[in-house]
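Here's the structure we're looking at; comments come further down.
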Amino acid sequence: MKLCVCKNYDEMSRRAAETVSRVVREKPNCILGLATGSTPLGMYRCLVDMSRNGLDFSEVRTYNLDEYYPIKPTNPQSYRYFMDHNLFGQIGIDPDNTHLLNGEASDPAAECAAYDAAIEADGGIDLQVLGIGGNGHIGFNEPAEGLICETHLTALAESTIEANSRFFQSSAEVPRHALTMGIQSIMRARRIILLASGQNKRDAITGLLNGRITTSLPATLLLLHPDVTVFCDEEAYRG
Ligand code: PGA
54 MKLCVCKNYD EMSRRAAETV SRVVREKPNC ILGLATGSTP LGMYRCLVDM SRNGLDFSEV
114 RTYNLDEYYP IKPTNPQSYR YFMDHNLFGQ IGIDPDNTHL LNGEASDPAA ECAAYDAAIE
174 ADGGIDLQVL GIGGNGHIGF NEPAEGLICE THLTALAEST IEANSRFFQS SAEVPRHALT
234 MGIQSIMRAR RIILLASGQN KRDAITGLLN GRITTSLPAT LLLLHPDVTV FCDEEAYRG
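If you're matching positions, the sequence shown starts at 54 in our numbering and goes up one per residue.
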């Protein structure tokens, strides 16, 4: 696992965006795995700027990590809405090339199996972007005795509901469930970058960097992946 400690959020965002843009330039029809949340917003702003300056996303295909369940794609709290507004609508990507789990699927297990199959049929993810929860989750793979390999329907941890309540009027409004790529679905990506910013990520980053794998900090499974770079700012890094 490589570590890149950046001075602040802006530098972290820029360096992560540079990594994504290199992948897009080297392989114009690459497959990106994308994440939502506050952390990647700065990186998405950089990518929008890069697109205005000629970075071509017209052949890029994307698969997002997770989506609340149930939720309508038109709901401003949905991750589909987040991605359309913060990235897809501004980079000239073909909407048909952008994939998110369907938060309205009537059969979530079938939706999840089809999602993993579609990623595989498309050739697999070239670069997966991850955030990290304060509790160490990646996607919505929450700390637990056991972690599920494949994409699945899951319950959100109380700590995640609490953390995500800042996007809602109250914590009662935060959906209790989500569809998420599983650990193996994430680990199949050829390359992974993980972004972390701010003091509330310190414990998770410290746990990740101490080199011990535990399902109580799901991000530590990434220690088994051959090509992971952690971009974090100084606040998230306890040196
Ligand atoms: P955040 O979420 O970027 O909003 O902090 C990260 C995560 O929960 O994975």
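The beta-carbon is built from N, C-alpha and C at its ideal position, and this holds for glycine as well. The structure presented is a predicted model; accordingly, all values stated were derived computationally and were not measured.
Express the C-alpha separation of residue j and residue i in angstroms, rounding to a whole number.
| i | j | result |
| --- | --- | --- |
| Asn-106 | Ser-74 | 12 Å |
| Ser-250 | Leu-56 | 13 Å |
| Asp-63 | Ser-91 | 13 Å |
| Ser-131 | Ile-246 | 23 Å |
| Ala-70 | Thr-282 | 13 Å |
| Leu-276 | Ser-269 | 14 Å |
| Ala-289 | Ile-258 | 7 Å |
| Leu-118 | Ala-88 | 6 Å |
| Thr-127 | Glu-226 | 16 Å |
| Asp-109 | Arg-244 | 20 Å |
| Pro-161 | Pro-123 | 10 Å |
| His-190 | Pro-271 | 5 Å |
| Asn-217 | Leu-209 | 10 Å |
| Val-77 | Ala-242 | 15 Å |
| Ile-172 | Asp-137 | 20 Å |
Comparing the CB of residue i with every heavy atom of the ligand PGA, is any distance shorter than 7 Å?
| i | result |
| --- | --- |
| His-190 | yes |
| Thr-207 | no |
| Thr-92 | yes |
| Ile-185 | yes |
Any idea if residue i is buried or exposed, counting beta-carbon neighbours within 10 angstroms, 16 or more meaning buried?
| i | result |
| --- | --- |
| Ile-146 | buried |
| Gly-186 | buried |
| Pro-148 | exposed |
| Arg-219 | exposed |
| Lys-80 | exposed |
| Asp-280 | exposed |
| Gln-222 | exposed |
| His-152 | buried |
| Ser-66 | buried |
| Lys-254 | buried |
| Gln-181 | buried |
| Ser-111 | exposed |
| Asn-188 | buried |
| Asp-286 | buried |
| Asn-263 | exposed |
| His-95 | Reading off the sequence shown, one finds Gly at residue 95, where the question assumed His. Label assigned to Gly-95: buried. |
| Gly-33 | Outside the modelled stretch of the chain, which goes from 54 to 292, sits residue 33, for which no answer is possible. |
| Arg-291 | exposed |
| Thr-267 | exposed |
| Arg-229 | exposed |
| Glu-211 | exposed |
| Gly-1 | Nothing about residue 1 can be reported from this structure: the residues present for the chain run from 54 to 292 only. |
| Gly-156 | buried |
| Arg-114 | buried |
| Ser-104 | buried |
| Asn-61 | exposed |
Curious, which full-length beta strand (DSSP E) runs of at least 3 residues does the region 115-184 contain?
-> 119-122, 180-183
Give, in chain order, every unbroken run of the beta strand (DSSP E) that is at least 3 residues long and sits entirely within the region 56-90.
-> 84-87
Touching by the beta-carbon criterion (3+ pairs, under 8 Å), the region 165-173 and the region 121-137 | no
Sequence ranges, beta strand (DSSP E) only - wholly within the region 223-290, length at least 3 | 230-233, 244-249, 281-286
In the region 180-217, which residue ranges form an unbroken beta strand (DSSP E) of at least 3 residues, counting only runs that do not cross its ends?
-> 180-183, 205-208
Counting Cβ pairs closer than 8 Å, one from the region 232-241 and one from the region 202-221, do we hit at least three?
-> yes
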